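S.K.: Protein chains in written order, with the numbering used here: chain A, 18 to 107; chain B, 41 to 526.
Following this line, the structure appears as structure tokens:
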């Protein structure tokens, strides 16, 4: 079952930060969080979203506002932290 | 009750250490690694205090992992405590970085020893708990695979635990034989797709002209010989996982189609227009340097980025030699199940050879070598005689030492010595006569026919001794050693 979140509601998600978009030189432009139930939530690329780059390919706990896009979900991040106890979540 | 071993040549150090412990603790002393290991075999120790002076003076102890591996094999949770005089504290700090769990300084302080033993005990309990928690995640049939003493491998297993239940594309990197195929299965079996198909495609083994059709399927009449519609591997793997092994070998056309799958999750059969959804988790594997291939224009940059979402680099066997004893145990257990022979260990000389070998074929090579020796072995221990000579050279080149370890009967041990002696004798003889049979037989005082029989029995290639030897069926290794083809 995929992560279910209400649109425009505060949510906490757990998953791994992955890159989703690159420029021609391979620099990462956008990120997403893949959750432990095979969900994929794109990260809104504001300041906090960009700061998540420091956690690339790491397990994180992210809090923010979820939004429903056209066939995808995205999160505007308020806070995030590396999630060392990620194995408890699945 | 604690069971402690002090490894030191200095008996004066032992007494103050012994006095630190209570009457029900057992403190033993050994003045070299070999006798310490022998005592450990009889009754495994929990803590081993190693005097760095012994490390400095023991030949071969610079390769400390080789010295401590026999202890770890018997008790994987054994805690090593390095010991050195206070003015050599750098030595013990280095030891802690490389192999020891903690350190103490000389002259010994009872309070310090007590604290260190207490802390290493706590570390041991923590290790046990962590192993338990890790094992809760891993499915029972994979528990043998996910065991490692190598810090890098432990991180890899943690990464796999994290990434397995997600949909993230994984790129497995590593030399041939490092276990990329096995790890892709490990990811699949610990994902939410474990009940669905796992399809492995060896891209390098499929002709370029067929690869696109194999992966994505084709419609009837798509090309000459396409007399019916055929589903591709992506369709067969629906709901499951597909492993694209040797991803660096795929054609440009297949790269474009794969990019479409990764970007949009869609594809179409060759010769077809219908767009299909690819409900497949992709794992790619390669031993090629993809960034270089991108620079050379042989691999699409955008495809590389999308495959490199979660890269996992598997280390060479040479870089995780501390796992050798465990890997050998696991592989021997597998061989026992396959062949039913009662062989559960390998000779110490073979271990020594293993430690020095480069392992260009990594774990697959280890598996093959063990299987070959297992088939040939007639005793209860895998002896150097059944391994490539280059590998056990030095440790098994002395014909007067039977590799008995007290395990062989006198007759068997004698037979082995004679076997080895005759083999070495004939090789030396052929070397002197440039591989010529008649003069060699004359020198040996036997007939050419008898010599030929011995050459056949010991599988000696006389061409090797000719002035311009013919190439033998062997594989060169990067360091110049050779591995006989198996």
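Glycine included, C-beta positions come from ideal geometry on N, C-alpha and C.
This structure is a prediction, so every number in the text was calculated from the model and none was measured.
Kindly indicate which three-state DSSP category residue 28/A falls into: helix, strand or coil?
M.R.: Three-state result, residue 28/A: strand.
S.K.: Comparing C-alpha positions only, which one of 420/B, 112/B, 352/B sits nearest to residue 198/B?
M.R.: It is 352/B.
S.K.: So residue 32/A contacts chain B; which residues on that side make the cut at Cβ distance below 8 Å?
M.R.: 206
S.K.: What are the partner residues of residue 69/B, as DSSP defines its beta bridges?
M.R.: DSSP, once it has assigned bridges, lists 46/B as partnering residue 69/B.
S.K.: According to DSSP, is residue 316/B helix, strand or coil?
M.R.: strand
S.K.: Any C-beta of chain B sitting closer than 8 Å to the C-beta of residue 92/A?
M.R.: Residue contact with chain B for residue 92/A: absent (no Cβ-Cβ distance below 8 Å to any residue of chain B).
S.K.: Just the chain A side, please: which residues come within less than 7 Å of residue 345/B by C-beta, in chain order?
M.R.: 39, 43
S.K.: Under 8 Å, Cβ to Cβ, is there at least one residue of chain B near residue 52/A?
M.R.: yes
S.K.: Nearest chain B C-beta to residue 35/A closer than 8 Å, yes or no?
M.R.: yes
S.K.: Going along the chain, which residues of the stretch 316-328 of chain B sit with their C-beta nearer than 9 Å to a C-beta in chain A?
M.R.: 321
S.K.: Mapping DSSP to helix, strand and coil, what is residue 98/B?
M.R.: Three-state DSSP puts residue 98/B in coil, outside helix and strand.
S.K.: When the distance is taken between beta carbons, is residue 81/A closer than 8 Å to residue 95/A?
M.R.: yes
S.K.: Would a check of beta-carbon distances place residue 47/A closer than 8 Å to chain B?
M.R.: no
S.K.: Would you mind reading off the limits of the alpha helix (DSSP H) that contains residue 419/B?
M.R.: Unbroken run through residue 419/B: none, as it is neither H nor E.
S.K.: Which residues, taken in chain order from the stretch 366-380 of chain B, show a beta carbon closer than 9 Å to some beta carbon of chain A?
M.R.: none
S.K.: Work out the CA separation of residue 77/B and residue 318/B for me, nearest whole Å.
M.R.: So the alpha carbons of these two residues sit roughly 56 Å apart.
S.K.: Please compile the residues from chain B whose C-beta is within a distance smaller than 7 Å of the C-beta of residue 74/A.
M.R.: 350
S.K.: Are the CB atoms of residue 59/A and residue 68/A within a distance shorter than 8 Å?
M.R.: no
S.K.: If the criterion is Cβ atoms closer than 8 Å, does the pair residue 320/B and residue 346/B meet it?
M.R.: no
S.K.: Going residue by residue through the stretch 183-239 of chain B, where are the continuous beta strand (DSSP E) segments of at least 3 residues, counting only ones entirely within it?
M.R.: 210-213
S.K.: Based on the DSSP output, what are the partners of residue 91/A in its beta bridges?
M.R.: Answer is 59/A, 84/A.
S.K.: In angstroms with no decimal places, state the Cα-to-Cα distance between residue 457/B and residue 366/B.
M.R.: 30 Å
S.K.: Using a C-beta to C-beta distance shorter than 7 Å, which residues of chain A count as neighbours of residue 203/B?
M.R.: 33
S.K.: The stretch 214-238 of chain B: which residues have C-beta closer than 7 Å to a C-beta of chain A, in chain order?
M.R.: So the close ones are 232.
S.K.: Kindly indicate which three-state DSSP category residue 358/B falls into: helix, strand or coil?
M.R.: helix
S.K.: When the distance is taken between beta carbons, is residue 92/B closer than 8 Å to residue 122/B?
M.R.: yes
S.K.: Between the Cα of residue 218/B and the Cα atoms of 323/B, 496/B, 405/B, which residue gives the shortest distance?
M.R.: 405/B
S.K.: Assuming residue 554/B is part of the alpha helix (DSSP H), what are its boundary residues?
M.R.: Residue numbering for chain B in the displayed model covers 41 to 526; residue 554/B lies beyond these limits and cannot be assessed.
S.K.: Would DSSP call residue 390/B helix, strand or coil?
M.R.: helix
S.K.: Decide if residue 142/B is buried, meaning its Cβ has at least 16 other Cβ atoms within 10 Å, or exposed.
M.R.: buried
S.K.: Assuming residue 150/B and residue 60/B are in contact, meaning their beta carbons sit under 8 Å apart, how far apart are those beta carbons, in whole angstroms?
M.R.: For residue 150/B against residue 60/B, the beta-carbon gap comes to about 4 Å, under 8 Å, which counts as contact.
S.K.: Would you check if the distance between the CB atom of residue 42/B and the CB atom of residue 157/B is smaller than 8 Å?
M.R.: yes
S.K.: Buried or exposed, going by whether 16 or more other CB atoms sit within 10 Å of the CB of residue 303/B?
M.R.: exposed
S.K.: With DSSP as the reference, label residue 104/B as helix, strand or coil.
M.R.: helix
S.K.: So with Cβ pairs under 8 Å, would you call residue 80/A a contact of chain B?
M.R.: no
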